[in-house]
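Residues in the sequence shown are numbered consecutively from 1, following full-length UniProt numbering. Written below as structure tokens is the structure these notes are about.
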Amino acid sequence: MRITDTSDLWWKSAVFYCLDVETFMDWNDDGVGDFAGLAHRLDYLADLGVTCLWLMPFYTSPGRDDGYDISDFYGVDPRLGHLGDVVEFIRTARDRGMRVIIDLVVNHTSDKHPWFVSSRSSRTSPYRDFYVWRDEPPKDQAPTVFPGEESSVWEYDEKTEQYYLHSFYKHQPDLNVVNPAVRDEVAKIMGFWLQLGVSGFRVDAVPFFLDTSGTEGSDDKLNDPQRFLRDLRAFLGRRSGEAILLGEVNLPHQEQIEYFGGDAADALTMQFDFMSMQKMYLSLARSDARPLAESLAARPPIAIESQWANFVRNHDELTLDKLSDDEREEVFAAFGAEESMQIYGRGLIRRLPPMLGGDPRRIRMVYSLMFSLPGTPVLFYGEEIGMGENLAVGDRKSVRTPMQWTSGANGGFSNARPSRLTAPMVTGGFAPEHVNAVDQRHEPDSLLRFIRLLIERYRVSAEIGWGDFSLLEQANPAVLAHSVCDAEGRMIALHNLSAEPTTVELALEDLGSSDKLIDLLAEGTTAISADGAVSFTLEGYGYRWLRVITEGSKRLF
1 MRITDTSDLW WKSAVFYCLD VETFMDWNDD GVGDFAGLAH RLDYLADLGV TCLWLMPFYT
61 SPGRDDGYDI SDFYGVDPRL GHLGDVVEFI RTARDRGMRV IIDLVVNHTS DKHPWFVSSR
121 SSRTSPYRDF YVWRDEPPKD QAPTVFPGEE SSVWEYDEKT EQYYLHSFYK HQPDLNVVNP
181 AVRDEVAKIM GFWLQLGVSG FRVDAVPFFL DTSGTEGSDD KLNDPQRFLR DLRAFLGRRS
241 GEAILLGEVN LPHQEQIEYF GGDAADALTM QFDFMSMQKM YLSLARSDAR PLAESLAARP
301 PIAIESQWAN FVRNHDELTL DKLSDDEREE VFAAFGAEES MQIYGRGLIR RLPPMLGGDP
361 RRIRMVYSLM FSLPGTPVLF YGEEIGMGEN LAVGDRKSVR TPMQWTSGAN GGFSNARPSR
421 LTAPMVTGGF APEHVNAVDQ RHEPDSLLRF IRLLIERYRV SAEIGWGDFS LLEQANPAVL
481 AHSVCDAEGR MIALHNLSAE PTTVELALED LGSSDKLIDL LAEGTTAISA DGAVSFTLEG
541 YGYRWLRVIT EGSKRLF
């Protein structure tokens with residue numbers, strides 16, 4: 001790694017923070033979060049150590065799918081502000097050292113989008129081919145994305161007497177990506193927001209976006225979805241040398257390689273590691289690190305310009321669809337046995353702290369683990385203070401409750417009446433009076449302070465984002481022991497997924513008594529024997545980050 005690489009490939013050692021403007025901070029007290037409120041909380045995020053903000057959809061929308069049903073890709077939901085507010089927010093974030101990426105949701109539109117309104121008005125509409133229409137649905141049609149929500153992915157339109165494709169809800173018709181005019185419009189959308197200062201896009205539901213199975217056409221170039229993805233990456237590079245595409249691709253590791261662009265690294269810049277996330281929850285349920293270790297070891301090599309994004313929780317349901325039926329039931333039994341906690345038969349609508357019974361040892365161990373894994377960490381708003389969910393809200397919105405700033409009314413999110421809030425506050429043991437940012441800012445041993453420490457140590461440990469990963473052999477299956485190493489240095493991390501204390505014996509044969517291990521999360525130095533043998537004691541749910549300092553090293557510690 002060279003100094004120029006660290007700045008050019010900024011995402012390799014970034015800290016991403018996902019938030020919904022609507023639920024983050026309400027500045028005008030109408031019950032809805034807004035860009036003015038977000039701008040006033042940028043100092044909080046900068047102090048936390050965040051380097052890139054990822055905004056969930058804030059576009060003009062009927063709001064039937066929490067903003068993912070977009071009716072104007074160039075507009076701003078007027079409840080949240082206007083384009084001037086967005087530009088001022090982006091400028092202010094830059095001033096605080098934070099980039100901004102936004103959701104690119106172009107696999108479908110709202111049925112209220114002018115394109116679709118025109119498309120369904122007549123078979124001769126110039127926008128007819130912006131969507132996928134057929135006289136009859138195919139016999140072998142794809143299953144619905146949200147089981148129980150829709151009976152088919154094809155919906156009959158009485159006026160034009162044809163069916164249109166909708167992979168998600170029927171009020172979200174799929175765009176026809178085989179149509180060159182649609183591809184041009186997607187590029188224009190990207191170009192518009194890049195011109196306003198964003199540093200890239202989190203691309204929603206990439207496999208669905210690129211799916212051409214329901215379309216009809218003979219042009220091989222247009223029917224090659226990966227070519228379209230490479231074209232978008234090339235366009236991005238021409239318009240902005242620093243911008244990225246962070247893709248939502250919930251597929252097995254080997255299939256994700258194609259979405260990176262392989263060795264050429266000319267498609268998605270980053271991808272979420274859904275496989276390892278799901279295996280992590282299986283490991284937590286079993287108090288056995290081996291499922292996660294196997295998943296990490298199975299990650300295929302990727303180009304230096306590409307990157308894995310690690311996460312504990314995202315803004316959707318906690319999907320467990322890549323686990324076997326028996327494995328999924330294990331996780332359900334451990335973390336969400338009640339039917340109200342589950343969704344679509346494949347996931348949970350809970351946040352981590354309630355799933356772990358509020359055990360601070362276990363919660364901290366999980367976040368220590370996430371930040372130590374090779375790749376780039378992604379936080380969902382409120383994770384840094386240990387927010388819970390509101391199951392009474394139902395579905396994926398259970399984890400999209402207002403940010404809890406203070407112990408006061410509405411958690412300091414808004415001075416509006418509770419009935420006017422964009423979403424109900426969390427109640428019970430994780431309500432604002434128990435979990436909020438202000439209290440934790442003044443508590444030396446709070447989760448917020450701990451997450452800040454993890455970010456600080458991660459940011460000065462470039463090997464985590466850049467280095468080569470290797471599992472370290474040791475006897476206890478409950479312990480994950482791994483190393484990340486690059487030209488800048490080496491870090492060893494130990495995590496005990498069990499409640500039982502343990503001693504970990506490692507054989508670091510390339511090290512000797514002239515070398516030392518410096519603890520990065522606490523005070524202390526661990527001695528190494530002449531043959532490289534070293535012993536560690538881990539408490540129940542204990543963790544250690546250890547920087548390897550060799551003789552003559554100039555590395556700070």
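For glycine and all other residues, C-beta sits at the position ideal for the given N, C-alpha and C. For clarity, every value in this text was computed on a predicted model and none was experimentally measured.
Determine the closest residue to residue i out of the options, with distance taken between C-alpha atoms.
i, options, result
"H495", "V50, L373, I90, S152", "L373"
"E523", "R547, G512, V504", "R547"
"Y169", "D510, Y44, L348, V145", "V145"
"V435", "G412, A416, S122, E456", "G412"
"D326", "A285, D29, F73", "A285"
"R420", "T23, L19, A14, L9", "T23"
"L38", "L268, T502, D85, A423", "D85"
"S368", "A481, S470, D468, F335", "A481"
"residue 582", "E255, S483, K516, D531", "Residue 582 lies beyond the stretch modelled for the chain, which goes from 1 to 557, so this question has no answer here."
"K103", "G382, S118, D72, P57", "Correcting the residue identity first, residue 103 is Asp in this sequence and not Lys. For D103, the nearest C-alpha among the options comes from P57."
"E158", "R134, D321, P138", "R134"
"A527", "G512, L236, G540, E539", "G512"
"F380", "D30, W11, V50", "V50"
"L453", "R41, A337, L210, L521", "L521"
"N476", "T376, R290, A437, L508", "R290"
"L53", "S7, R202, P225", "R202"
"Y74", "D174, R233, F192, H253", "F192"
"E384", "K12, Y44, G200", "Y44"
"T124", "T160, I304, A416", "T160"
"A298", "A265, K12, D288, P252", "P252"
"W466", "P301, Q195, L19", "P301"
"P225", "T269, N176, S199", "N176"
Assign residue i to buried or exposed, taking buried as 16 or more other Cβ atoms, counted over all protein chains shown, within 10 Å of its Cβ.
i, result
"R544", "buried"
"K188", "exposed"
"Y156", "exposed"
"V178", "buried"
"A493", "buried"
"T401", "buried"
"H442", "exposed"
"K12", "buried"
"H82", "exposed"
"T537", "exposed"
"P444", "exposed"
Skipping 5 residues on each side, what residues in its chain have a beta carbon closer than 6 Å to that of residue i?
i, result
"L391", "S340, S398"
"V378", "F16, A309, F311"
"E330", "A285"
"residue 619", "Any property of residue 619 remains undetermined from this structure, which presents the chain solely from 1 to 557."
"S218", "For S218, the pLDDT reaches just 47, beneath the cut-off of 50, and the residue's location in the model is therefore unreliable, although a value from the coordinates is still provided. If we look at S218 and ignore the five residues flanking it on each side, it has no Cβ neighbours."
"E317", "I343, G347, I349, R396"
Within a Cβ cutoff of 8 Å, which residues of the same chain sit near residue i, ignoring the five residues on either side of it in sequence?
i, result
"I363", "L352, P353, L356, G386, L447"
"G408", "P432"
"D204", "Y68, D103, L104, V105, V106, N107, E248"
"S152", "P137, Q141, T144"
Among the residues of its own chain, which have a CB less than 7 Å from the CB of residue i, if the five just before and after it don't count?
i, result
"P147", "Y344, G345"
"Q271", "G247, V249, Q256, Y259, F260, W308, A309"
"S110", "S61, P62, D69, I70, S71, H171, Q172"
"L292", "S276, K279, M280, S283, L480"
For chain D, check one thing: does any of its Cβ atoms lie closer than 7 Å to the Cβ of residue i?
i, result
"A187", "Looking at the structure shown, chain D is missing, and only one protein chain is on hand."
Please list the segments of the alpha helix (DSSP H) lying wholly inside the region 421–486, counting only runs of 4 or more residues, in order along the chain.
Within the region 421–486, the complete alpha helix (DSSP H) runs of at least 4 residues are 437–441, 447–459, 463–466.
Scan the region 183–217 and note each continuous beta strand (DSSP E) run of 3 residues or more that stays entirely inside, going in chain order.
Qualifying beta strand (DSSP E) stretches, in chain order: 200–203.
Count Cβ pairs between the region 122–139 and the region 166–182 that sit closer than 8 Å; are there 3 or more?
Taking 8 Å as the limit for Cβ pairs, the verdict is that the region 166–182 does touch the region 122–139.
Can you check the region 290–320 for any alpha helix (DSSP H) of at least 4 residues that lies completely inside it and give the ranges in chain order?
Runs of the alpha helix (DSSP H) inside the region 290–320: 290–297.
What are the complete alpha helix (DSSP H) segments, minimum 4 residues, inside the region 18–98?
Uninterrupted alpha helix (DSSP H) stretches at least 4 residues long and entirely within the region 18–98 occur at 21–24, 35–40, 42–48, 83–95, given in chain order.
Could you pull out every unbroken alpha helix (DSSP H) segment of at least 4 residues lying fully inside the region 88–151, listed in chain order?
Those alpha helix (DSSP H) runs which fall completely within the region 88–151 and span 4+ residues are 114–119.
Three or more beta-carbon pairs under 8 Å between the region 274–288 and the region 229–247, yes or no?
Contact fails: fewer than three Cβ-Cβ distances are below 8 Å.
Unbroken stretches of the beta strand (DSSP E), 3 residues or longer, contained in the region 502–528
Unbroken beta strand (DSSP E) stretches of 3 residues or longer found wholly inside the region 502–528: 502–507, 516–519, given in chain order.
Which ranges does the beta strand (DSSP E) cover as unbroken runs of at least 3 residues, wholly within the region 226–282, from first to last along the chain?
Every beta strand (DSSP E) stretch that sits fully inside the region 226–282 and reaches 3 residues is listed by chain position as 244–247, 270–272.
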